[in-house]
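Colleague: Numbering follows numbering that gives the first Met the number 0, with no gaps: position 192 of the sequence shown is 191.
From the three backbone atoms N, C-alpha and C, an ideal C-beta is built for every residue, glycine too.
It should be emphasised that the depicted structure is a prediction, and the values quoted were computed from it without experimental measurement.
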Amino acid sequence: MTTKILVVDDEVSLERLIKQRFRKSIRAHELEFIFARNGKEALEKLAAEAPVEIVLTDINMPEMDGLTLLEKLSEIDGIIKTVVVSAYGDLPNIRTAMNRGAFDFLTKPIDFDDLEVTINRTLEYVQKLKANLKELHQAQSQLIQSEKMVSIGQLVAGVAHEINNPVGFIDGNLYHVETYIQELLKILELYQAELPNPSEMLRKYIEKIDLEFMREDLPQLVESMKEGTERIRNISTSLRTFSRSDIDKKVPFNIHDGIDSSLMILKHRLKANNHSPEIEVIKHYEKLPPVECYPGQLNQVFMNIIANAIDAMEEYNQGWSYEKIKANRNVITIKTEVGNEKWEIGNGDKDDKEELGSPSSQVIIHISDNGPGISESVKEHIFNPFFTTKPVGAGTGLGLSISRSIVVEKHGGKIDCICTPGRGSEFIIQIPIN
Ligand SMILES: Nc1ncnc2c1ncn2[C@@H]1O[C@H](COP(=O)(O)OP(=O)(O)OP(=O)(O)O)[C@@H](O)[C@H]1O
Ligand SMILES: [Mg+2]
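1) Considering only residues of the same chain and omitting the five flanking positions on each side of residue 349, which have a CB-CB separation below 7 angstroms?
2) Enumerate in chain order the residues of its own chain whose CB-to-CB distance from residue 165 is below 6 angstroms, with the five nearest sequence positions on each side excluded.
3) Take residue 314 as the anchor and find which of 329, 367 and 301 has the nearest alpha-carbon.
4) What number of angstroms, rounded off, separates the C-alpha of residue 401 from the C-alpha of residue 269?
5) Taking the continuous alpha helix (DSSP H) assigned at residue 166, which residues delimit it?
6) Please indicate yes or no: does the CB of residue 394 lie closer than 7 angstroms to some heavy atom of ligand 2?
7) Can you give me the Cβ contacts of residue 129 inside the same chain, cut-off strictly under 7 angstroms, excluding the 5 residues immediately before and after it?
8) Give me the Cα-Cα distance between residue 9 and residue 75, rounded to the nearest whole angstrom.
9) Give a yes or no on whether the C-beta atoms belonging to residue 293 and residue 245 are separated by under 8 angstroms.
10) So for residue 346, helix, strand or coil by DSSP?
11) Do residue 384 and residue 137 have their beta-carbon atoms positioned less than 8 angstroms apart in this structure?
12) Could you check whether the Cβ of residue 132 sits closer than 7 angstroms to any heavy atom belonging to ligand 2?
13) Please identify the residue among 431, 421 and 159 whose C-alpha is closest to the C-alpha of residue 408.
14) Leaving out five residues on either side along the sequence, give the residues of the same chain with a beta carbon under 8 angstroms from the beta carbon of residue 153.
15) Counting only beta-carbon separations shorter than 8 angstroms, does residue 62 have a partner in chain D?
16) Assign residue 371 to one of three DSSP states: helix, strand, or coil.
17) Please report the residue range of the beta strand (DSSP E) in which residue 415 lies.
18) Taking the alpha carbon of residue 394 as the point to measure from, which residue in 131, 144 and 91 has its own alpha carbon closest?
19) Mind listing, in chain order, the residues whose beta carbon lies closer than 5 angstroms to a non-hydrogen atom of ligand 2?
20) Round the Cβ separation of residue 333 and residue 280 to the nearest angstrom and send it over; I've been treating them as touching at under 8 angstroms.
21) Taking only the alpha-carbon atoms, compute the straight-line gap between residue 174 and residue 424 and give it to the nearest angstrom.
22) What is the DSSP secondary structure of residue 400, reduced to helix, strand or coil?
23) If you scan the segment 240-327 from start to end, which runs of the alpha helix (DSSP H) of 4 or more residues do you find wholly inside it?
24) Got a sec? Which residues, its chain only, sit under 6 angstroms from residue 347 by beta carbon, not counting five neighbours each side?
25) Provide the residue span of the alpha helix (DSSP H) that contains residue 107, from first to last.
26) Going by DSSP, what residues sit across from residue 56 in a beta bridge?
27) Only counting the same chain, and skipping five residues up and downstream in sequence, which positions put a Cβ closer than 8 angstroms to that of residue 322?
28) Tell me which residue opens and which closes the beta strand (DSSP E) that residue 425 is part of.
29) Kindly indicate which three-state DSSP category residue 47 falls into: helix, strand or coil?
30) Which residue's Cα is closest to the Cα of residue 2: 51, 91, 63 and 47?
31) Could you tell me the distance, in whole angstroms, from the CA atom of residue 251 to the CA atom of residue 302?
32) Ligand 1 heavy atoms versus the CB of residue 86: any closer than 7 angstroms?
33) Does at least one heavy atom of ligand 1 sit under 7 angstroms from the Cβ of residue 415?
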């Protein structure tokens, strides 16, 4: 990227000298020099040419001098480092300039070797500052995102808890309803046995309400109500499992419960709709020991990766007919195992094989899809914050970078992806058991 340097001096010849001295960097588009004759013009050019990163300014100039310009520069947003040029021995002005935030100073007549060194040094500083700022911004966004997840988690856990109470009444009462209904039906049967020939009015009424059907249907209705409450209870348990916010210390956790709760949260996206059939989820769960972890955070990782797989397959389906998609089913495969095997990374060369920790000390979770896969050039960036190939508004590009920091930094694990364009993607997560 070109770095813009604004040179502010009323001496016209300076422009030619600078352009000559830095012609190589200018031609290579590394540097671009902009010139102004005084502080006032400098401010106008700064606004028009933003972002300017370095200002090289004389002190004595008509209309607005360098010291006033320095003062105004501190009010402008962004990274601007100023180097002042003053007469040799003009210590009071140099002092004032440094006090007003100048980065460095040069004396007149300008020594061009010195100028080059100063500009390079300033440039280096600006670049470092920019990199730090970027890092800070990324860390901040990740923090905001994780905090948002924590508060959403708490909200969800709260709602799940609230749901449990009314479901409890229904469930508890259903038991009595079932007993009462059975008793009532029994009484009806006894009445019918004792009064086999009811009056005309009763007979008509029995016919009207279709008593026989009601008698058969009623127990089934109760059965399906029981199943409904059971499902609500499961959903609520999943929600609470998914949003567990154990943040103080790691706790033993059943990874399969975590994956299942994430799948439950994403269920609506796996179901069939007008455009595409259901996404099939195939599970190969090996028996796993409880894993010491932060459950809520690991669930977030599973959700991010499964959601990415769904996104990728949905995009892949674009332009395909329902029948064609059905013939090439969308499948997500989730495999878990206790790790003592070698994990192939990259192209699968022997040298690339990485030995995992000691046998049986890790759990390994493979989440794969048969979507479009990921090209090498995209793969390089997928774990970087804000990297996304999705349209504006559809993806923040934080999913995988947050997942990586949860797996690697919070759990001392590993996460990688094996993918071949056209043959789907596989994400592998490895978490130490304790
Ligand atoms: N299963 C996958 N198949 C194909 N590409 C994928 C898959 N998973 C991730 N990617 C690629 O990696 C990129 C980064 O993923 P990441 O989850 O970090 O961000 P995002 O999904 O774009 O946005 P966000 O998760 O914040 O909504 C995606 O934009 C996509 O290009
Ligand atoms: Mg994502």
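Modeller: Concretely, from the data shown:
1) Summary for residue 349: the model assigns pLDDT 42, below 50, so the residue's position carries little reliability; its value from the coordinates is reported in the next sentence. For residue 349, where only same-chain residues beyond five positions count, there are no Cβ hits under 7 angstroms.
2) none
3) Nearest Cα to residue 314 within the set 329, 367 and 301: 329.
4) Near 23 angstroms, if we compare the C-alpha coordinates of residue 269 and residue 401.
5) 111-193
6) yes
7) The beta carbon of residue 129 lies closer than 7 angstroms to those of 78 in the same chain, with the five residues before and after it left out.
8) Taking the straight line joining both Cα atoms gives about 23 angstroms.
9) yes
10) Note on residue 346: pLDDT 43, under 50, position unreliable in the model; the coordinate value appears next. DSSP places residue 346 in coil when its eight states are reduced to three.
11) yes
12) No, the beta carbon of residue 132 sits no closer than 7 angstroms to any heavy atom of ligand 2.
13) 431
14) 242 and 244
15) Within the model displayed, chain D is absent; a lone protein chain is all it includes.
16) The three-state secondary structure of residue 371, taken from DSSP, is coil.
17) Residues 413-418.
18) 144
19) Listed by position along the chain, the residues with Cβ atoms less than 5 angstroms from a non-hydrogen atom of ligand 2 are 307 and 398.
20) 7 angstroms
21) Between the alpha carbons of residue 174 and residue 424 lies a distance of about 48 angstroms.
22) helix
23) 254-264, 266-269, 294-316 and 321-326
24) Low local confidence applies: a pLDDT of 42 at residue 347 is under 50, so the model's placement there is unreliable, with the coordinate-based value given in what follows. Excluding residues within five positions, none has a Cβ falling inside 6 angstroms.
25) Run containing residue 107: none in the alpha helix (DSSP H); it sits in the beta strand (DSSP E), 103-107.
26) 7 and 83
27) Nothing meets the Cβ criterion.
28) 424-431
29) helix
30) 51
31) 20 angstroms
32) no
33) no
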